[in-house]
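So the structure is just underneath, and the comments pick up after that.
Chains as they are written, first to last, in my numbering: chain S, 164 to 354; chain E, 5 to 418.
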């Protein structure tokens with residue numbers, strides 16, 4: 164792809180893309196046969212190996228604070244209680260308050276000598292709670308919860324923190340709207 | 005040791021300089037000298053044959069210090085580099101510190117890909133073998149865990165080695181592809197300001213990198229000190245963000261999502277943010293502060309003779325190049341400039357050295373680094389005052405070693 168100047172890429176159609184694949188193969192041969200690239204100094208804007216394969220349908224699993232990337236699904240804390248007891252409580256306690264691994268409490272403690280950072284007192288965004296549970300929990304059995312189970316556990320942790328109601332349904336449509344107590348608690352040091 | 009070097013000996017604060025000069029150069033009146041006759045087995049018989057992959061001498065007794073994991077998550081722990089046993093500036097691959105959030109994945113590179121997607125003209129997927137064909141760069145960089153030296157933020161000083169206390173720091177020659185090559189190939193949208201990096205480990209480590217950094221020195225690192233990355237360092241590929249907290253150099257890199265906003269992942273909000281005394285917290289505080297420490301003499305060593313010693317250590321700064329390091333032997337009352345032994349490189353470890361005469365006086369050895377921007381390493385008290393009393397990230401206070409009159413070296417707070 165990198166062989167094509169910008170104006171060509173804008174109007175690229177399928178037969179032309181096939182043509183470019185041929186060109187790219189030729190380029191690879193040239194790359195092996197004549198290692199002039201390094202001597203000339205490499206600038207990808209002038210054409211590089213161009214070995215990236217188009218991945219137009221790649222969705223990824225990254226969920227951002229604004230809720231972008233959330234998969235379609237929904238559940239509530241009422242659904243999450245049993246899942247939490249079975250899959251989470253061993254490390255976090257049935258009430259989510261096992262010392263050292265606490266998910267609950269600490270609101271008002273951040274400016275004291277013993278701040279307690281939890282989902283309730285510290286996390287600024289609810290969608291990234293979904294993201295973290297989906298990718299990294301439960302420990303040693305990561306990514307084993309279904310989408311709706313992750314919404315359920317997310318809701319239950321928020322419920323333990325009195326941020327949502329027991330039967331409040333959370334989904335990809337409304338998780339970003341959950342009002343996290345410490346949302347305004349951060350100073351961003353980059354742009 | 006010639007007369008000029010002896011004249012550089014630091015005033016320990018306990019003895020006048022003239023008295024120091026009168027002391028004997030080595031302090032060892034007697035010595036045990038082996039005979040010239042070949043008597044050892046290794047001089048009389050053939051040694052071991054060649055090997056596929058070399059190992060250090062068993063007599064060197066090199067090992068990382070295990071700093072343990074969470075009791076419920078033993079693979080979510082760390083090990084630290086034994087700084088006190090090393091010299092020069094390069095961290096051997098086998099002794100590079102480790103910090104994992106869910107263990108070290110055993111990745112088959114044939115089944116691993118790197119995908120760039122999000123706000124790009126063309127989402128692209130690369131195989132490991134594809135990336136090996138790209139032009140690469142080689143740079144020496146330090147890598148420091150955000151939580152390095154956190155034990156020195158605790159109320160009571162722990163009697164541990166330099167490595168146990170401060171060994172979540174490394175310096176290696178990293179070789180890889182400048183990230184902007186791949187960003188250019190995918191075609192980044194004008195609105196894109198952040199690159200979200202995701203790892204392929206079970207923890208799926210995810211961090212947001214500002215585009216300004218991504219287009220500058222950030223690379224997809226494939227080689228570490230000349231060989232493919234070690235599994236514990238991200239094999240087959242890791243992001244490398246020079247000068248910044250280690251966590252953002254995402255290991256086992258599997259995707260890069262380009263977007264206008266940060267992702268605000270758990271690892272850059274709930275963790276790796278610095279709580280301030282007022283209860284607010286700093287986010288995306290990426291660059292590591294100017295810092296140094298003496299690696300010898302250091303904690304849990306014992307000086308077993310009086311005489312000349314070389315005080316030596318390491319200095320670094322996330323802001324660039326180390327301009328100077330000063331050493332004190334009297335707990336910070338007086339300071340002497342050390343010799344920077346390695347050619348100081350930007351964002352890499354710099355070795356410093358200074359001769360010191362120990363005649364049995366109780367001493368406190370310290371080092372204090374200054375970087376190219378004129379930033380000076382703070383005292384412990386100053387470093388702690390920046391953050392919440394419970395804070396432990398980005399601690400860069402001066403390390404103090406007490407040398408007792410018996411020669412026992414111990415971590416202390418000054």
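Using N, Cα and C, we set each Cβ at its ideal position, and we do this for glycine too.
If you're wondering where the values come from, they're calculated on a predicted model, not measured in any experiment.
Could you give the distance in angstroms between the alpha-carbon of residue i and the alpha-carbon of residue j?
i: residue 93 of chain E; j: residue 344 of chain E; result: 11 Å
i: residue 208 of chain E; j: residue 50 of chain E; result: 50 Å
i: residue 331 of chain E; j: residue 408 of chain E; result: 18 Å
i: residue 147 of chain E; j: residue 215 of chain E; result: 20 Å
i: residue 301 of chain S; j: residue 100 of chain E; result: 28 Å
i: residue 373 of chain E; j: residue 155 of chain E; result: 20 Å
i: residue 253 of chain S; j: residue 216 of chain S; result: 43 Å
i: residue 125 of chain E; j: residue 190 of chain E; result: 6 Å
i: residue 403 of chain E; j: residue 349 of chain E; result: 22 Å
i: residue 46 of chain E; j: residue 38 of chain E; result: 15 Å
i: residue 277 of chain E; j: residue 357 of chain E; result: 34 Å
i: residue 343 of chain S; j: residue 112 of chain E; result: 40 Å
i: residue 321 of chain S; j: residue 394 of chain E; result: 25 Å
i: residue 269 of chain E; j: residue 54 of chain E; result: 48 Å
i: residue 231 of chain E; j: residue 136 of chain E; result: 13 Å
i: residue 255 of chain E; j: residue 95 of chain E; result: 18 Å
i: residue 427 of chain E; j: residue 301 of chain E; result: With chain E covering only 5 through 418, there is no way to say anything about residue 427 of chain E.
Would you mind sorting residue i into buried or exposed? The rule is 16 or more other CB atoms within 10 Å of its CB.
i: residue 313 of chain E; result: buried
i: residue 222 of chain S; result: exposed
i: residue 57 of chain E; result: exposed
i: residue 67 of chain E; result: exposed
i: residue 74 of chain E; result: exposed
i: residue 103 of chain E; result: buried
i: residue 242 of chain S; result: buried
i: residue 130 of chain E; result: buried
i: residue 396 of chain E; result: buried
i: residue 62 of chain E; result: exposed
i: residue 387 of chain E; result: buried
i: residue 322 of chain E; result: buried
i: residue 65 of chain E; result: exposed
i: residue 197 of chain E; result: buried
i: residue 199 of chain E; result: buried
i: residue 218 of chain S; result: buried
Using a beta-carbon distance below 8 Å, is residue i in contact with chain A?
i: residue 382 of chain E; result: No chain A appears in the structure shown, which is made up of the protein chains S and E.
If the criterion is Cβ atoms closer than 8 Å, does the pair residue i and residue j meet it?
i: residue 245 of chain E; j: residue 213 of chain E; result: yes
i: residue 329 of chain E; j: residue 289 of chain E; result: no
i: residue 304 of chain S; j: residue 234 of chain S; result: no
i: residue 310 of chain E; j: residue 380 of chain E; result: no
i: residue 192 of chain E; j: residue 252 of chain E; result: no
i: residue 318 of chain E; j: residue 353 of chain E; result: yes
i: residue 411 of chain E; j: residue 307 of chain E; result: yes
i: residue 284 of chain S; j: residue 268 of chain S; result: yes
i: residue 169 of chain E; j: residue 303 of chain E; result: yes
i: residue 211 of chain E; j: residue 272 of chain E; result: yes
How about residue i: is its C-beta nearer than 8 Å to some C-beta of chain E?
i: residue 254 of chain S; result: yes
i: residue 351 of chain S; result: yes
i: residue 258 of chain S; result: no
i: residue 311 of chain S; result: no
i: residue 248 of chain S; result: no
i: residue 203 of chain S; result: The predicted model places residue 203 of chain S with a pLDDT of 48, which falls under 50 and marks its position as unreliable, so this point remains unresolved.
i: residue 190 of chain S; result: For residue 190 of chain S, the predicted model reports a pLDDT of 49, less than 50, meaning its position is unreliable and no value from the coordinates is stated.
i: residue 335 of chain S; result: no
i: residue 277 of chain S; result: yes
Please go through the same chain and pick out, in chain order, the residues whose beta-carbon is closer than 8 Å to the beta-carbon of residue i, but skip the five residues on each side of it.
i: residue 246 of chain S; result: 308, 312, 315, 316, 319
For chain S, check one thing: does any of its Cβ atoms lie closer than 8 Å to the Cβ of residue i?
i: residue 411 of chain E; result: no
i: residue 130 of chain E; result: yes
i: residue 88 of chain E; result: no
i: residue 270 of chain E; result: yes
i: residue 265 of chain E; result: yes
i: residue 292 of chain E; result: no
i: residue 67 of chain E; result: no
i: residue 255 of chain E; result: no
i: residue 238 of chain E; result: no
i: residue 231 of chain E; result: no
i: residue 241 of chain E; result: no
Among the residues of its own chain, which have a CB less than 7 Å from the CB of residue i, if the five just before and after it don't count?
i: residue 42 of chain E; result: 48
i: residue 182 of chain E; result: 141, 223
i: residue 228 of chain E; result: 97, 176, 178, 234, 237
i: residue 327 of chain E; result: 374, 375, 376
i: residue 341 of chain E; result: 328, 330
Considering only residues of the same chain and omitting the five flanking positions on each side of residue i, which have a CB-CB separation below 6 Å?
i: residue 225 of chain E; result: 178, 180, 242, 244
i: residue 261 of chain S; result: 255
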